[in-house]
Amino acid sequence: MRIDTIVNLPVIETERLILRPLRRSDAGLMELYGADERVARMTRSIPHPLPPGVTESFITRALSDDREEDVWVLDGSSRGLGELLGLIALERMDRDQSEIGYWVAPAFWNTGLASEAVRALVDANPQENRTMFASVFQDNPASARVLT
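Be aware that the sequence shown starts at 5, since it is given in our numbering, and climbs by one per residue.
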């Protein structure tokens, strides 16, 4: 028997998504999408090619009680879109600040899902931050639009 660990994070619902805590059972789709060069190239945290064990290590850190980052899955299964469409995270910084990070599987690019997830996470403000910020690569105007 295998039991999935779920960290104590709120579930945040939007029109098309449920932002839910990451589970170990998400590893397969995370690895599939994270290994895609188009996804990795636009993040600071996903190496390409994706080395063995990176996804499992990320999940272990995300489920740890002393984690520095809270991670939610963009789950569209309630709307027939798929169980894992991407990830969104808040990395704790000092002075009640967090940095938002996110990626979406290429099949769901330009659908507004990233904007919907970011808006919902900012509105929910689960870490009770005074400030949230994000950055994008200069050659990624689509992610810049998500933040505007």
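Don't be surprised by glycine CBs; every beta carbon is placed ideally from N, CA and C.
Are the CB atoms of residue j and residue i within a distance shorter than 8 Å?
{"i": "Ala-121", "j": "Ile-92", "result": "yes"}
{"i": "Ala-138", "j": "Glu-103", "result": "yes"}
{"i": "Ser-82", "j": "Ile-16", "result": "no"}
{"i": "Leu-85", "j": "Gln-131", "result": "no"}
{"i": "Phe-112", "j": "Leu-89", "result": "yes"}
{"i": "Arg-96", "j": "Glu-72", "result": "yes"}
{"i": "Leu-13", "j": "Asp-98", "result": "no"}
{"i": "Val-150", "j": "Ser-119", "result": "yes"}
{"i": "Arg-24", "j": "Gly-80", "result": "no"}
Figure out for me which residue from the options has the closest Cα to the Cα of residue i.
{"i": "Arg-123", "options": "Ala-109, Asn-12, Thr-18 and Val-11", "result": "Thr-18"}
{"i": "Gln-142", "options": "Ala-39, Gly-38, Arg-48 and Asp-30", "result": "Arg-48"}
{"i": "Met-34", "options": "Ile-22, Asp-98 and Leu-78", "result": "Leu-78"}
{"i": "Leu-54", "options": "Asn-129, Asp-74, Ala-31 and Gln-101", "result": "Ala-31"}
{"i": "Asp-69", "options": "Gly-38, Ala-128, Val-11 and Ala-109", "result": "Val-11"}
{"i": "Arg-42", "options": "Ala-109, Thr-64, Gly-90 and Arg-28", "result": "Ala-109"}
{"i": "Thr-59", "options": "Arg-28, Arg-45, Glu-87 and Asp-74", "result": "Arg-28"}
{"i": "Val-126", "options": "Ala-39, Gly-90 and Gly-105", "result": "Gly-105"}
{"i": "Asp-100", "options": "Asn-129, Ala-111, Ala-44 and Ala-148", "result": "Asn-129"}
{"i": "Ala-39", "options": "Arg-20, Trp-107, Arg-24 and Asp-98", "result": "Trp-107"}
{"i": "Gly-116", "options": "Ala-148, Asp-98 and Thr-135", "result": "Ala-148"}
{"i": "His-52", "options": "Tyr-37, Ile-63, Ser-61 and Thr-64", "result": "Tyr-37"}
{"i": "Arg-76", "options": "Thr-64, Ile-63, Leu-26 and Ile-50", "result": "A small correction: the amino acid at residue 76 is Trp; Arg does not occupy that position in the sequence shown. Considering only alpha carbons, the answer is Leu-26."}
Bridge partners of residue i, per DSSP?
{"i": "Ala-93", "result": "Val-75 and Gly-105"}
{"i": "Ala-137", "result": "In the sequence as displayed, the identity of residue 137 is Phe instead of Ala. Looking at the DSSP assignment, Phe-137 forms a beta bridge with Glu-103."}
{"i": "Glu-120", "result": "None, per the DSSP bridge assignment."}
{"i": "Ile-22", "result": "Glu-17 and Asp-79"}
Please give the ranges of any alpha helix (DSSP H) in the region 42–67, keeping only runs that are unbroken, at least 4 residues long and fully inside the region. 58–67
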